[in-house]
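**Q**
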Amino acid sequence: MNTRRDFLQKLGASAVALQLAAVTTWADDKNAAHEAYDGPVLRVAIMGLGSYGTRVGGAMQSCTKAKLVGLISGTPKKIENWRSSYDIPLKNCYNYDNFDQIKNNPDIDAVYVITPNGLHHDHVLRVAKAGKHVICEKPMALNVKQGQEMVDACKQAGVKLLVGYRMHFEPKTLEVIRMRKADEFGKILFFQGLCGFKIGDPKQWRLNKQLSGGGSMMDIGIYAINGSRYMTGEEPIWVTAQETKTDPVKFKEGVDETIQFQFGFPSGATASCLSTYNQNNLDKFYLNGEKGWAEMQPSTGYGPIMGRTHKGELNQPVTTHQTVQMDEFADIIFNGKQPPVPVDGNEAVKDLKIIDAIYLAVKTGKKVDINI
30 MNTRRDFLQK
40 LGASAVALQL
50 AAVTTWADDK
60 NAAHEAYDGP
70 VLRVAIMGLG
80 SYGTRVGGAM
90 QSCTKAKLVG
100 LISGTPKKIE
110 NWRSSYDIPL
120 KNCYNYDNFD
130 QIKNNPDIDA
140 VYVITPNGLH
150 HDHVLRVAKA
160 GKHVICEKPM
170 ALNVKQGQEM
180 VDACKQAGVK
190 LLVGYRMHFE
200 PKTLEVIRMR
210 KADEFGKILF
220 FQGLCGFKIG
230 DPKQWRLNKQ
240 LSGGGSMMDI
250 GIYAINGSRY
260 MTGEEPIWVT
270 AQETKTDPVK
280 FKEGVDETIQ
290 FQFGFPSGAT
300 ASCLSTYNQN
310 NLDKFYLNGE
320 KGWAEMQPST
330 GYGPIMGRTH
340 KGELNQPVTT
350 HQTVQMDEFA
360 DIIFNGKQPP
370 VPVDGNEAVK
380 DLKIIDAIYL
390 AVKTGKKVDI
400 NI
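Heads up: the sequence shown begins at 30 in the numbering used here, then just goes up one per residue.
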């Protein structure tokens, strides 16, 4: 199956180096990885053992602050294979009908929901009700209403809700954010985010409106949306958007093939972004300011992220995003650590507000105000 994750994996697979230890600082303290860790370990069950769940499970083997201890899947054969590979106790394995029973399992602290978008809402609510911390893949929900219900449910249950924004821990990305905060680019004028690949199997869940909630926007467009926010340091206040559909058979009603969208920010900065399921080789961010610029390409792939600025090449360490993410999530849950860019449910709701506005702009052909 030719999926976004397959494409991004191939994009940088030749140079990916799996980290042997967690990164304990947000940027590039190379000595920190050699420090022994004797604090609490986040014990995680993965829900959804597909391609990305497999990637997360593999990456977690190099974590020092998080450990894979449980499995939730509707496919018994997958559970059997994963148990064999990762030595998972049978008592920590569940299916989608009985996973509510994790409330009685003291050996699981958190559940990482990596199921199709349309299932996130129900799965997160059930995990929260079971009293476990929740990690959810992005987009967190299909719309703002669902997203806010998830945030409220986790708050009521007294559990953390974190979202898989792996780029918020990526060293080169964090260096660009540091430079922007240090005014090294000057006043930000423009951001460009290009995210796309040519999708394969027309029967996959990403092209099923009920499961995906849309098309390219709900899969890869969110990278440009979220990237525009952390790269500029602002929240968009309006959006215009246009949809292009060349194959209405493959991309049925409600499943977008290509959307171009434009943002305006309070400072006067603007953004121009593209999300598509019909073009390969699109994984690029560009930030322009009065005093300098930054370009990242690949900008959101699994690795290695590559970038340069007006000051030269970015040379921060290559990391395995999911390894770093899970260790940092442990620090956030246990120690209240605050990342430079939020990764909680409220952050995800902001992205959902923008997605809702983009779809409304496509439908009406009008500029839509965004209130974040």
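Glycine is no exception: its CB is placed at the ideal position from the N, C-alpha and C atoms.
With respect to the beta strand (DSSP E) encompassing Q162, which residues constitute its N-terminal and C-terminal limits?
**A** Reading the sequence as shown, one finds His at residue 162 and not Gln. Per DSSP, H162 belongs to the beta strand (DSSP E) from H162 to C165.
**Q** Would A211 be called buried (16 or more neighbouring beta carbons within 10 Å of its own) or exposed?
**A** Under this definition A211 is an exposed residue.
**Q** Figure out for me which residue from A300, M179 and I401 has the closest Cα to the Cα of E264.
**A** Checking every option, the nearest Cα to that of E264 belongs to I401.
**Q** Whether or not the stretch 214–228 and the stretch 306–323 are in contact is what I'm after, with contact meaning three or more pairs of Cβ atoms, one per stretch, closer than 8 Å; do they touch?
**A** Flag = yes, the stretch 306–323 and the stretch 214–228 touch.
**Q** Which term fits D380, buried or exposed, when burial requires 16 or more other beta carbons within 10 angstroms of its beta carbon?
**A** Buried, since its Cβ has 16 or more Cβ neighbours within 10 Å.
**Q** From the DSSP secondary-structure annotation, give me the bridge partner or partners of G336.
**A** BP columns for G336 point to M325.
**Q** For G99, write down the residues that DSSP places opposite it in a beta bridge.
**A** Answer by DSSP bridge pairing, in chain order: A74.
**Q** Consult DSSP for G341 and reduce its assignment to one of helix, strand or coil.
**A** Three-state result, G341: strand.
**Q** If Y306 sits next to S245, beta carbons under 8 Å apart, how far is it from one beta carbon to the other, in whole angstroms?
**A** The pair is a contact, with the Cβ atoms about 4 Å apart (cut-off 8 Å).
**Q** Which same chain residues end up closer than 7 Å to I334 when comparing Cβ atoms and leaving out the 5 residues on each side of it in sequence?
**A** Taken in chain order, the residues that qualify are E199, K201, T202, M325, P327 and S328.
**Q** Under DSSP, the alpha helix (DSSP H) around D360 begins and ends at which residues?
**A** From DSSP, the alpha helix (DSSP H) with D360 extends over H350 to N364.
**Q** Taking the CB atoms as reference points, tell me whether V173 and V163 lie closer together than 8 Å.
**A** No, these two residues do not count as a Cβ contact at 8 Å.
**Q** Assuming the contact rule is C-beta atoms closer than 8 Å, A74 and N121 should be a hit. Round their C-beta distance to whole Å, please.
**A** Confirmed, about 7 Å.
**Q** Reducing DSSP to helix, strand and coil, say where D138 ends up.
**A** D138: coil per DSSP, three-state reduction.
**Q** Label E357 either buried or exposed according to how many other C-beta atoms from any shown protein chain fall within 10 Å of its C-beta, with 16 as the threshold for buried.
**A** Classification for E357: buried.
**Q** Where does T273 land, buried or exposed, given buried means 16+ other C-beta within 10 angstroms?
**A** So T273 ends up on the exposed side.
**Q** Between Y115 and the rest of its own chain, which residues show a CB-CB distance below 7 Å, the 5 nearest in sequence each way excluded?
**A** Correct list, in chain order: G86 and L97.
**Q** Report the residue from P371, G250, P346 and T299 whose alpha carbon sits nearest the alpha carbon of L311.
**A** Selected option, being the one with the closest Cα: G250.
**Q** Which word fits R258, buried or exposed, when buried means at least 16 other C-beta atoms lie within 10 angstroms of its C-beta?
**A** Buried, by the Cβ-count rule.
**Q** Out of M76, G193 and G176, which has the shortest C-alpha to C-alpha gap to V142?
**A** Ranking the options by Cα distance to V142, first place goes to M76.
**Q** Helix or strand or just coil, what does DSSP make of I383?
**A** Helix.
**Q** Among H150, D373 and I399, which one has its Cα closest to the Cα of D385?
**A** The residue with the shortest Cα to Cα distance from D385 is I399.
**Q** My guess is that K238 and V180 are in contact by the Cβ rule of under 8 Å, so how many angstroms apart are they, rounded?
**A** Going by Cβ atoms, the distance from K238 to V180 rounds to 24 Å, so no, they are not a contact pair.
**Q** My output table needs one value for Q289: the three-state DSSP class, helix, strand or coil.
**A** Residue state, collapsed to three classes: strand.
**Q** So, H149 versus A170, is the Cβ gap smaller than 8 Å?
**A** Contact flag set, yes.
**Q** Would you say L100 and D373 are within 8 Å of each other, going by their C-beta atoms?
**A** Contact: no.
**Q** Between T144 and the rest of its own chain, which residues show a CB-CB distance below 7 Å, the 5 nearest in sequence each way excluded?
**A** For T144, where only same-chain residues beyond five positions count, the Cβ hits under 7 Å are M76, G77 and H152.
**Q** Need the endpoints of the beta strand (DSSP E) that T305 sits in, please.
**A** Here the beta strand (DSSP E) through T305 covers T299 to T305.
**Q** Can you check whether the CB of A300 is closer than 8 Å to the CB of Q291?
**A** Taking 8 Å as the Cβ cut-off, Q291 and A300 qualify as a contacting pair.
**Q** Using the three-state DSSP reduction, which class does Y125 fall into: helix, strand or coil?
**A** Residue state, collapsed to three classes: coil.
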